[in-house]
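Structure record follows, encoded as structure tokens.
2 protein chains.
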Amino acid sequence: MARVRPGLPARGSKSGRPIMALLDLLGRRWALRLVWELREGSQTFRALQERCSGLSPTVLNRRLSELREAGIIARGEPTGYALTAEGSELLAALTPLRGWAERWARRSS
Amino acid sequence: MARVRPGLPARGSKSGRPIMALLDLLGRRWALRLVWELREGSQTFRALQERCSGLSPTVLNRRLSELREAGIIARGEPTGYALTAEGSELLAALTPLRGWAERWARRSS
DNA sequence: CCGCTTGCTACTGTTTGGGTAGCATATCGC
DNA sequence: GCGATATGCTACCCAAACAGTAGCAAGCGG
Chain A
29 MARVRPGLPA RGSKSGRPIM ALLDLLGRRW ALRLVWELRE GSQTFRALQE RCSGLSPTVL
89 NRRLSELREA GIIARGEPTG YALTAEGSEL LAALTPLRGW AERWARRSS
Chain B
29 MARVRPGLPA RGSKSGRPIM ALLDLLGRRW ALRLVWELRE GSQTFRALQE RCSGLSPTVL
89 NRRLSELREA GIIARGEPTG YALTAEGSEL LAALTPLRGW AERWARRSS
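Residue numbers (the numbering used here), protein chains in the order written: chain A, 29 to 137; chain B, 29 to 137.
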């Protein structure tokens, strides 16, 4: 399942530095996007699929498993998936990206 | 070459919202890591390869092309690659991740 | 010329992801 | 009970992405 934990060496880093593990985990397809799509609360498996334009359930389930094992997301109540407290902090650390992306759009238009 | 520009619809988003294009671009393997590895200045092609534990030149060149086309990195002087001004701002928007990753490591140990 | 570094491409396999179908469970109305 | 619907999820097979290795052309120092 290609576990990703901050203590384990990440793909491309034998040091085990947490930031490398994180960049590895978030650098997998749809991982960043999934965290982003959960910003407004819990979503069901199928809702996540639709928001990511029908990504295959295989990959969705794999990413969900990895992110759950990393403690970033968890099962929602009574259904679906949601960010954990840690996941919410990660999302907060990610929000500067939105501002940057908007400036980027203005500059390159 | 799978161009990524903020105006173009990203994989999985027909809206063309810049954040989606960015999450798509940075969600490709090694992309986040490459931006990170350039944080302390220009690096040669082969230096980047080593820092990412020998990722294949095929992929490295593809990521570099994509990131260059997106205006995030550029050719260094006289050799190598470096972050552009925009790229440096992106890196700045990414730095909160390091703090999060360190807390993450402490919590899950 | 020789040796070294530069960025980069070609080739061949393995890994990852995409696309579709379908299952088992639960919940609702009836 | 019954069907209808929604849930999370798995199996299967094929395409795309990536890894691993070799090697090339250009530039520079000697």
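Ideal Cβ positions, reconstructed from N, Cα and C, are used throughout, including at glycine. Just so we're clear, the structure is a prediction, and the values are computed from it rather than from any experiment.
### Task
Give the residues of chain B in contact with A59 of chain A, contact being defined as C-beta atoms less than 8 Å apart.
Here residue 59 of chain A refers to the residue found at position 31 when the first sequence is read from its first residue. The answer, in chain order, is G55.
### Task
Give me the Cα-Cα distance between S81 of chain B and R96 of chain A, rounded to the nearest whole angstrom.
As a working mapping, residue 81 of chain B is identified with position 53 in the second sequence. As a working mapping, residue 96 of chain A is identified with position 68 in the first sequence. C-alpha separation (whole angstroms): 27 Å.
### Task
Could you tell me whether any Cβ in chain A is nearer than 8 Å to the Cβ of G99 of chain B?
As a first step, residue 99 of chain B is located in the second sequence; it is residue number 71 there, counting from the start. G99 of chain B counts as touching chain A.
### Query
If the cut is a Cβ gap below 9 Å, which residues of chain B does G69 of chain A touch?
As a position in the first sequence, residue 69 of chain A is number 41, starting the count at 1. The contacting residues do not exist; G69 of chain A stays about 18 Å from chain B at best.
### Message
By the three-class DSSP mapping on this structure, what secondary structure does L111 of chain A have?
### Response
Taking the first residue of the first sequence as 1, we reach residue 111 of chain A at position 83. In this structure, L111 of chain A counts as strand in the three-state DSSP scheme.
#### Entry: Contact with chain A by L50 of chain B, beta-carbon distance below 8 Å
If you number the second sequence from 1, residue 50 of chain B lands on position 22. Yes, contact with chain A.
#### Entry: Near-chain B residues of the region 89–123 of chain A (beta-carbon distance less than 7 Å), N- to C-terminal order
G99, E114, E117, L118, A121
### Query
In whole angstroms, what is the alpha-carbon distance linking A98 of chain B and R90 of chain A?
Taking the first residue of the second sequence as 1, we reach residue 98 of chain B at position 70. Taking the first residue of the first sequence as 1, we reach residue 90 of chain A at position 62. The alpha-carbon atoms of A98 of chain B and R90 of chain A are separated by roughly 29 Å.
### Query
Listing by chain order, which chain B residues have their CB less than 7 Å from the CB of A133 of chain A?
Reading the first sequence from its first residue, position 105 is the one you call residue 133 of chain A. The answer, in chain order, is P34, G35, P46.
### Query
Can you tell me whether DSSP reads I101 of chain B as helix, strand or coil?
Within the second sequence, the letter at position 73 stands for residue 101 of chain B. In the structure shown, I101 of chain B sits in a strand (DSSP, three-state: E or B).
### Message
Quick test of your reading: V32 of chain A and E94 of chain A, contact by CB under 8 Å. State the CB separation rounded to the nearest angstrom.
### Response
As a first step, residue 32 of chain A is located in the first sequence; it is residue number 4 there, counting from the start. As a first step, residue 94 of chain A is located in the first sequence; it is residue number 66 there, counting from the start. Indeed they touch by this definition, with Cβ atoms about 6 Å apart.
### Message
Against R31 of chain A, what residues of chain B qualify as contacts under a CB-to-CB distance less than 9 Å, listed in chain order?
### Response
To locate residue 31 of chain A, count along the first sequence from 1; it is residue 3. Against R31 of chain A, chain B offers no close residue; the least beta-carbon distance is about 11 Å (beta-carbon pairs closer than 9 Å).
#### Entry: Beta-carbon neighbours of E130 of chain B, restricted to chain A and to distances below 7 Å
Translated into positions along the second sequence, residue 130 of chain B becomes position 102. Under the 7 Å cutoff, chain A gives P46.
### Query
What residues of chain B sit near S137 of chain A, judged by a beta carbon separation below 7 Å?
Translated into positions along the first sequence, residue 137 of chain A becomes position 109. G35, listed in chain order.
### Message
Spatial neighbours of P155 of chain A within its chain, please: C-beta separation below 6 Å, excluding the five flanking residues on both sides.
### Response
Here chain A has residues from 29 to 137 only, and residue 155 of chain A is not among them.
### Query
Whose C-alpha, out of A:A133, A:A110, A:G104, is nearest the C-alpha of I100 of chain B?
Locating residue 100 of chain B in the second sequence gives position 72, where the first residue counts as 1. For the residues A:A133, A:A110, A:G104, the minimum Cα distance to I100 of chain B belongs to A:A133.
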